[in-house]
Amino acid sequence: MRPGHFNGVATVVEKLLRMFNPTNAYFGEKDFQQLILIKSLVREQKLKVNIIGCKTIREDDGLAMSSRNKLLNNTERESASHIIKLLKSKELYKSSTLEETKEIY
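Each step along the sequence shown adds one to the number in the numbering used here, with nothing skipped, and position 65 is 76.
In structure tokens, the structure reads:
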């Protein structure tokens, strides 16, 4: 983690929101911590803007689309794609278990 990173993000985003005064501002869920920070900032500063989270767009192997992916070698990319597949399988298992539980009751 880069020290001061989120403070810098908050400062820049707040300045842009105040400068342009948009009705809606769209931020990707890929940077989820940043999205939560911005929602909190808007609430605390009472800015009149709707912060809308946008779904993460993924590559065919499951990695979130990012210019940083090109920094991964083949082994690292394969490992990263296994992580998202594992998380997705756990998510599907959890949701299917919940659905089955609802059907029982």
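Even glycine gets a Cβ: it sits at the ideal position worked out from N, Cα and C.
- Task: Run the CB neighbour count on V23, radius 10 Å, all protein chains shown included, and call it buried at 16 or more, exposed below.
- Result: The C-beta of V23 has fewer than 16 other C-beta atoms within 10 Å across all chains shown, which makes the residue exposed.
- Tell me, to the nearest whole angstrom, how far the beta carbon of Q44 is from that of F38; I am working on the premise that it is less than 8 Å. The Cβ separation is near 11 Å, so there is no contact.
- How far does the beta strand (DSSP E) with N61 in it reach, from first residue to last? That run of the beta strand (DSSP E) goes 61-65.
- Query: Can you list, in chain order, the stretches of the beta strand (DSSP E) that have 3 or more residues and sit fully within the region 18-57?
  - Reply: If we require 3 residues or more, the beta strand (DSSP E) runs fully inside the region 18-57 come out as 35-39.
- Message: Considering only their Cβ atoms, is the gap separating K41 from A75 smaller than 7 Å?
- Response: Yes, the pair counts as a contact, with Cβ atoms nearer than the cut-off.
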